[in-house]
Amino acid sequence: MDLTEQAQAKTYRTVPQEDMDDGQIIWDYLKLGGTIEKSDLILALGCNDIRVADRASDLYLQGYGDVLMFSGKNGKRSISVWSKPEAEVFRDRALEKGVPSEKILIENKSTNTGENVQFSFKILEEKGIKPKGIILVQKPYMERRTLATFMKQWPDDTSRIKIYVTSPEVTFLEYPTKDTGDFQRVLTIIIGDLQRIQLYAQIGFQIPQDIPNEVLDAFKRLKNTGRYNSHLVQP
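Note that the sequence shown covers residues 14 to 248 in our numbering.
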């Protein structure tokens, strides 16, 4: 982390250290951190973090994919940041970075991860593209949930596809920006996402995930503070 990033992290650190420690535990669980290999398709899922577009574009430019696809309309957080669909913002960024326009596909109707997967599949099918390898790109703390959703929502046989997931190469302490919000906001989002990993598997939105007791305990401690509960699904 350079001096600018250190100053930024310090500026955004607005929560108690014990909460930061619990946030790190959850972050480490949600971020899979696996390796990637050359694939037919790089599929970046829209969000309010432009670094996702940067990561996906860089992977394409490094030769990791034949086609670069951006998926997303507007979510609850990105709609306050950008005036047009996430996929179009991401495409514009990719073009700025030198990705050829003819190598970019966009899906700009989806409003959640399940729709990202389903609507992207439909466009690929219409174009006769049947990828045998896909690199999914999302925010770091969305890696696990993205993969779990893809494995459930992809309409074709996932056993025939090699699936990789990656994200911008930033740490928990480096993550907050003016677009993503401060650590208060980040902790609010990640405990809500962890809760959804449990709930959404129960209702068939994604495949189940084993959650270690250490992670569940960190979740309970953060929830019990009452400071980070606005993104939780209410019973």
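Ideal placement from N, C-alpha and C gives every residue a C-beta, glycine not left out.
With fewer than three CB-CB distances shorter than 8 Å, the stretch 185-201 does not count as touching the stretch 162-174. In this structure, the CA atom of Asn61 is about 10 Å from the CA atom of Thr190. Residue state for Phe196 is assigned as helix, using DSSP reduced to three classes. Non-local beta-carbon contacts of Gln131 in its own chain, meaning distances under 7 Å to residues more than five positions away in sequence, involve Gln166 and Pro168 in chain order.
A distance below 8 Å between beta-carbons, with the five flanking residues on each side excluded, links Ile63 to the following residues of its chain, in chain order: Val102, Phe103, Arg106 and Asp192.
Per DSSP, Ser84 is one residue of the beta strand (DSSP E) stretching across Gly78 to Ser84. Taking 4 residues as the shortest admissible run, the stretch 209-238 contains the following complete alpha helix (DSSP H) segments, listed from N- to C-terminal end: 226-238. In this structure Lys44 is in contact with Pro153, their Cβ atoms being roughly 5 Å apart against a cut-off of 8 Å. Residue nearest to Ile202 within the set Arg158, Ala66, Phe218 and Gln215 is Arg158 (criterion: CA-CA distance). Rounded to the nearest angstrom, the Cβ distance from Asp35 to Arg209 is 18 Å, too far for a contact under 8 Å. For Ser52, there is no enclosing alpha helix (DSSP H); the enclosing beta strand (DSSP E) has its first and last residue at Ser52 to Leu58. Boundaries of the beta strand (DSSP E) around Gly146: Gly146 to Val150.
Assigned with DSSP and collapsed to three states, Tyr177 falls in strand. Looking only at Thr27, Ile38 and Met33, the smallest Cα-Cα distance to Asn226 is reached by Ile38. Contact annotation: the stretch 172-190 does not touch the stretch 212-221, with fewer than three C-beta pairs closer than 8 Å. In this structure, the straight-line span from the alpha carbon of Glu115 to that of Asp53 is close to 15 Å. A distance below 6 Å between beta-carbons, with the five flanking residues on each side excluded, links Asp79 to the following residues of its chain, in chain order: Asp53.
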